[in-house]
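In my numbering, the protein residues as written are 15 to 308.
Just so it is clear, CB atoms sit at the ideal spot from N, CA and C, and this is done for glycine as well.
Working notes, beginning with the structure itself.
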């Protein structure tokens, strides 16, 4: 169950990496690894107290004091724009953008801008952040954009006629839609960025012991908790779960690849709906229209 391991010894000396949600789970473990490789690591997080504690831990474990914290609430497009402005004003380069933060199986909540929460946080916030930082990524090329998706994309579809799921909301329906959006966004990025030196990757990190399931576990019936409890000892630790993210960020052999989907540190074929270039373009246009209205 531990899955693949990133074997690359690539150095990131002189490089800058931004990780959303880098204060916990696989985001923090990714930060530790990339800091050990010499990168300047920006942890973009919503909770600044937890982020500062995480930064101190990352510095201690990596031996690298070039770890900084920036405020980012992906449920607020204004916060996304403020972070992007801060990065553009203060960073000379950005070599790797890791869109890692996410929310899973939450109740029917809305973002600050009125979007369905899981689609808004998992896709729209990262869509806007990535587009705001594209010029800096191109200036720093070769550079990479890594989007943390999920196997759940296989059950997803994009509800173009009801993108906020106002007609019929279900937590897993929403989550699967947002994770499929990550895969399609990665494909359209690859199409749009040909020849720029900026490459994009999406991935399934595995089933991991993290806080991501905090909205799911309390709502689970007792009989299911009893049934699944033994399997909790078999699923990945955050360190194991971070391996494919790290692989997509540093593996040298991927430099000329873009738009693909990975799992266990190897390319995998995404679900058929994740290979639909027409849907990817349509989602891009819809997302651009949605974020431009705020």
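Item                                                                                                                                       : Value
Straight-line CA distance for residue 76 to residue 47?                                                                                    : 7 Å
Would you kindly work out how many angstroms separate the C-alpha atoms of residue 110 and residue 93, rounded to a whole number?          : 20 Å
Runs of 4 residues minimum, wholly inside the stretch 172-218: which ones carry the alpha helix (DSSP H) assignment?                       : 185-206
What runs of the beta strand (DSSP E), each 3 residues or longer, lie entirely inside the stretch 65-144?                                  : 81-85 and 110-113
Less than 7 Å between the beta carbons of residue 29 and residue 49, yes or no?                                                            : no
Closest by CA to residue 174, which one among 40, 295, 33 and 62?                                                                          : 295
From the DSSP secondary-structure annotation, give me the bridge partner or partners of residue 282.                                       : 275
Rounded to whole angstroms, what is the Cα-Cα separation between residue 220 and residue 56?                                               : 24 Å
Taking residue 34 as part of the beta strand (DSSP E), name the residues at either end of that continuous run.                             : 30-34
Please determine whether the Cβ atom of residue 23 lies at a distance below 6 Å from any heavy atom of the ligand SAH.                     : As for the ligand SAH, it is missing from this structure, which has no ligand bound.
Beta carbon of residue 86, beta carbon of residue 147: below 7 Å?                                                                          : no
Helix, strand or coil for residue 57 per DSSP?                                                                                             : strand
Look at residue 132 and residue 117 and say whether their C-beta atoms are less than 7 Å apart.                                            : yes
Check the DSSP bridge columns for residue 160 and list the partner residues they point to.                                                 : 112 and 215
Among 61, 300, 72 and 78, whose alpha-carbon lies nearest the alpha-carbon of residue 84?                                                  : 61
Any idea if residue 207 is buried or exposed, counting beta-carbon neighbours within 10 angstroms, 16 or more meaning buried?              : buried
Could you say if the stretch 189-198 and the stretch 128-145 meet the contact criterion of at least three C-beta pairs nearer than 8 Å?    : yes
Tell me which same chain residues have a C-beta within less than 6 Å of the C-beta of residue 114, skipping the five on either side of it? : 33, 34, 35, 41 and 162
Would residue 257 and residue 20 qualify as a contact pair, given that the criterion is a beta-carbon distance under 7 Å?                  : yes
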